[in-house]
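Peer 1: Residue 198 in UniProt numbering sits at position 198 of the sequence shown, with consecutive numbering throughout.
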Amino acid sequence: MVLRRSHKKSRLGCLTCKQRRVKCDESGPPCGPCEARGCECEYVQAKGVPTQRRSEPVNGSNQTTPQQRSPANWSHSERLLELELMQQWTSKTFKSYCGTIEDEYHNWQVFFPKLALKHDCLLDGLFAMSALEIGAFSEHSDSQDYIDAALEYQNRASAKLREALSNADFETMPQDRHQALWALSSILMVLALAMPPYAVQPLSGKYSMLDHILTYLELLKGFAVIAMAKGNRIKDDPMLNKYKEWDELESLPVRPEIQTAFDRLKALNEETYGEGRASGLCSELVAMTNHAACRRAIFFLEQCHAKCSESHTRAYGLAWPVMAGEDFIAAMKAKEPLALLILMHWGVFIEKQSYGIWYVERVGKHLVEDLSNEISLLDNVKARDAISWVRQQVELDVVAS
């Protein structure tokens, strides 16, 4: 019998996230979701806000005050929960991050958990992922307790990562601190992608996978900052240099039906934003920008199918939104129909590569289903065919035209 956990649903999120019925990371104002969406972020004044049981300086120091670390300040149920979550991580959850790279099992099962004992932000990340996995697979009534715990740990870790990156000096940062932030950003990226189907239920048409993808993008950017810090820092790190760079991945032929889908997207891009198409749609400058942005996004998504179809490379494809570039991200935020259609094709990629990866197996289909209701491409036959193809690929009914 699992003890009921002491964590409570937070009431401290911003008003905007509450109105949109999405999870606030409480790191603002502005909070992460509002910053990603470019929304106004407003908080109410909270009374009697409890302090977190532990605190980690973001300047690289690992010192904590005795009263924060004292076990006497921890509740019995919290101690048992975190013991359970660490056991879950070292026995099962760590495998979610392991491919075929040599020593990867040791890194995620032994090295990073040990590192987390010095860096509370990483410890919160490990606990969040472990709690989500337990909650996702639990058939008991307490499954939501674990989901709530995962959300709370995720919020703590996200806030600490944002603060750490805002004050980061990668030139002088100790190696273990850089390793901890690298591992934490990897965990938070997965959590941002995996959490929505478990933590948020569709309510009155306000549920939006697009919102969560935009939040996911902010974490991807943070990971890129850490991964590219100080030039060759990753290459010089024996714990992190085993991961190949994008250009080093082998490119394989794309299946004919996939190639047909990309050819159709390229044709739609020309018809929508190509030369002479600005009239009545948008300014010439906007059309040129969107044309280049969609062309880049299509190119890299096609590359994902060519380079990321094997079990040891498919995780690279999860970084596609950042590869697509800032202009494409802006087009997604503006809900440009073609940008959303291309994003739906990424949903197909995720769905096809999700076998054996529990944390993304519900994401691709949810993304396609949600975006299908956002897109309006008038009477374009190619667009209707593209939407029908995408829905078929994730086993959704084809919407009648």
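Every residue, glycine too, gets a C-beta built ideally from N, C-alpha and C.
Just so you know, these numbers come straight off a predicted model, no measurement behind them.
So is A114 buried or exposed if we call it buried at 16+ other beta carbons inside 10 Å?
Peer 2: Numbered from its first residue, the sequence shown carries residue 114 at position 114. The sequence as given places Lys at residue 114; Ala does not occur at that position. Exposed is the call here.
Peer 1: Unbroken beta strand (DSSP E) runs of length 3 or more, entirely within the stretch 268-355: which are they?
Peer 2: List check, beta strand (DSSP E) in window: nothing returned.
Peer 1: Kindly confirm or deny that the stretch 209-219 and the stretch 316-327 touch, where touching means at least three C-beta pairs closer than 8 Å.
Peer 2: At 8 Å Cβ cutoff, the stretches touch.
Peer 1: Could you say which of M344, G317, E78 lies nearest to L367 if we only look at CA atoms?
Peer 2: Translated into the one-based positions of the sequence shown, residue 367 becomes position 367. Among M344, G317, E78, the Cα nearest to that of L367 belongs to M344.
Peer 1: Check whether the Cβ atoms of I350 and C294 sit closer than 8 Å, and answer yes or no.
Peer 2: For the purposes of this step, residue 350 is taken as the residue at position 350 of the sequence shown. For the purposes of this step, residue 294 is taken as the residue at position 294 of the sequence shown. Cβ atoms of I350 and C294: not closer than 8 Å.
Peer 1: Within the stretch 112-171, note down every full alpha helix (DSSP H) run reaching 4 residues or more, in order along the chain.
Peer 2: You should have 112-116, 120-137, 143-166.
Peer 1: Among the candidates R384, A136, L117, T313, whose CA atom is the shortest distance from the CA of R177?
Peer 2: Counting from 1 along the sequence shown, the entry for residue 177 is found at position 177. Nearest option by C-alpha distance: L117.
Peer 1: Using the beta-carbon count (16 or more within 10 Å), is P311 buried or exposed?
Peer 2: Position 311 of the sequence shown, counted from the start, is the residue given in the question as residue 311. Here the sequence assigns Ser to residue 311, which means Pro is not the residue at that position. Exposed is the call here.
Peer 1: Taking the alpha-carbon positions, what's the A159 to A136 distance?
Peer 2: For the purposes of this step, residue 159 is taken as residue 159 along the sequence shown, with counting starting at 1. For the purposes of this step, residue 136 is taken as residue 136 along the sequence shown, with counting starting at 1. A159 and A136: Cα-Cα distance of roughly 24 Å.
Peer 1: A131 and L85 look like a contact to me (Cβ under 8 Å); what is the Cβ gap, rounded to whole Å?
Peer 2: As a first step, residue 131 must be located in the sequence shown, where it is residue number 131. As a first step, residue 85 must be located in the sequence shown, where it is residue number 85. 6 Å between Cβ atoms; contact.
Peer 1: Between which two residues does the alpha helix (DSSP H) holding S208 run?
Peer 2: Here residue 208 corresponds to residue number 208 of the sequence shown, with the count starting at 1. Where S208 is concerned, there is no enclosing alpha helix (DSSP H), given that its DSSP letter is neither H nor E.
Peer 1: Indicate whether M209 and Q154 have their beta-carbon atoms separated by less than 8 Å.
Peer 2: Numbered from 1 along the sequence shown, position 209 holds the residue referred to as residue 209. Numbered from 1 along the sequence shown, position 154 holds the residue referred to as residue 154. No; because the gap between Cβ atoms is not below 8 Å, this pair is not in contact.
Peer 1: Out of A149, R255, A339, S251, which has the shortest C-alpha to C-alpha gap to A287?
Peer 2: As a working note, residue 287 is residue 287 in the sequence shown. Cα-wise, what sits closest to A287 is A339.
Peer 1: Return helix, strand or coil for D25, following the three-state DSSP convention.
Peer 2: Here residue 25 is taken as the residue at index 25 of the sequence shown, counted from 1. Looking at D25 - three-state DSSP - the assignment turns out to be coil, as it is neither helix nor strand.
Peer 1: May I ask which residues mark the beginning and end of the alpha helix (DSSP H) holding R391?
Peer 2: On the sequence shown, residue 391 is found 391 positions in, with the first residue counted as 1. Taken as a continuous stretch (DSSP letters only), the alpha helix (DSSP H) holding R391 covers 381-393.
Peer 1: Can the beta-carbon of A331 be found less than 8 Å from the beta-carbon of N290?
Peer 2: Here the question's residue 331 lines up with position 331 in the sequence shown. Here the question's residue 290 lines up with position 290 in the sequence shown. Yes, the pair counts as a contact, with Cβ atoms nearer than the cut-off.
Peer 1: If you run the structure through DSSP and keep just helix, strand and coil, what is I258?
Peer 2: Numbered from its first residue, the sequence shown carries residue 258 at position 258. I258 falls in the helix class under three-state DSSP.
Peer 1: Which of the three DSSP states is assigned to R79 in this structure?
Peer 2: Counted from its first residue, the sequence shown places residue 79 at position 79. DSSP places R79 in helix when its eight states are reduced to three.
Peer 1: So is P71 buried or exposed if we call it buried at 16+ other beta carbons inside 10 Å?
Peer 2: One-based indexing of the sequence shown puts residue 71 at position 71. Residue confidence for P71 is low, a pLDDT of 48 falling below 50, so the modelled location carries little weight; the figure read from the coordinates is stated next. By the neighbour-count rule (16 or more Cβ atoms within 10 Å), P71 is not buried but exposed.
Peer 1: In whole angstroms, what separates the C-alpha of E218 from that of S91?
Peer 2: In the sequence shown, the residue the question calls residue 218 occupies position 218. In the sequence shown, the residue the question calls residue 91 occupies position 91. Distance between the alpha carbons of E218 and S91: 30 Å.
Peer 1: Check whether the Cβ atoms of A164 and A128 sit closer than 8 Å, and answer yes or no.
Peer 2: For the purposes of this step, residue 164 is identified with residue 164 of the sequence shown, where counting begins at 1. For the purposes of this step, residue 128 is identified with residue 128 of the sequence shown, where counting begins at 1. Not a contact, by the Cβ cut-off of 8 Å.
Peer 1: Going by Cα to Cα distance, which pick from V190, S141, Y105, L181 is closest to V363?
Peer 2: Residue mapping note: residue 363 aligns to position 363 of the sequence shown, counting from 1. The residue with the shortest Cα to Cα distance from V363 is V190.
Peer 1: Taking Cβ to Cβ, would you say G186 is nearer than 8 Å to Y359?
Peer 2: Here residue 186 refers to the residue found at position 186 when the sequence shown is read from its first residue. Here residue 359 refers to the residue found at position 359 when the sequence shown is read from its first residue. Per the sequence shown, the amino acid found at residue 186 is Ser instead of Gly. The answer is no: Cβ separation not under 8 Å.
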